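Everything in the sequence shown is counted per UniProt numbering, starting at 1 for the first residue and increasing by one. By construction, the Cβ of each residue, glycine as well, lies at the ideal position given by its N, Cα and C atoms. Keep in mind it's a predicted model, so treat the numbers as computed, not measured. Report on the structure given below.
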Amino acid sequence: MSKRNLVLIMTFKTEFLKNASISLSGVKENLSKEDVNCVMELLIAKKAFDCRGGKLVSKVKPDVVNKTTETYKLQ
């Protein structure tokens with residue numbers, strides 16, 4: 001039996017010019033570019049995260065990763 005899980009990985013640039021990534025698992029299959037863009041802009045505007053590299057200041061890229069888990073039954 002296989003189980004599919006979509007993971008949104010949002011990569012940002014920090015105030016100290018480092019990359020920082022935030023991952024969200026279980027995202028909807030019909031997630032739009034506009035939705036992702038809006039969330040990334042909101043995280044920056046609200047200063048929602050303070051990373052080791054400083055505050056998030058700009059968007060680098062979003063990726064949606066399809067993770068499939070295959071479970072085997074052992075006898």
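May I have the straight-line CA-CA distance separating residue i from residue j, to the nearest angstrom?
i, j, result
"lysine 67", "glutamate 15", "31 angstroms"
"aspartate 35", "aspartate 50", "22 angstroms"
"tyrosine 72", "leucine 43", "39 angstroms"
"alanine 45", "leucine 24", "19 angstroms"
"arginine 52", "alanine 20", "8 angstroms"
"lysine 13", "leucine 74", "45 angstroms"
"lysine 33", "lysine 47", "21 angstroms"
"glutamate 70", "glutamate 29", "19 angstroms"
"valine 39", "isoleucine 22", "11 angstroms"
Could you name the residues of the same chain whose beta carbon sits closer than 6 angstroms to that of residue i, not counting the 5 residues immediately before and after it, in chain order?
i, result
"arginine 4", "Thr68"
"valine 27", "Leu6, Leu8"
"proline 62", "Met10, Val36"
Considering only C-alpha positions, which residue in the set the options is nearest to residue i?
i, options, result
"threonine 11", "Lys55, Asn30, Glu29", "Lys55"
"asparagine 37", "Leu74, Gln75, Lys47, Val60", "Val60"
"glutamate 41", "Val65, Asn30, Val57, Val64", "Val57"
Am I right that residue i and residue j are in contact with their C-beta atoms under 8 angstroms? What's the rounded C-beta distance?
i, j, result
"leucine 31", "valine 64", "7 angstroms"
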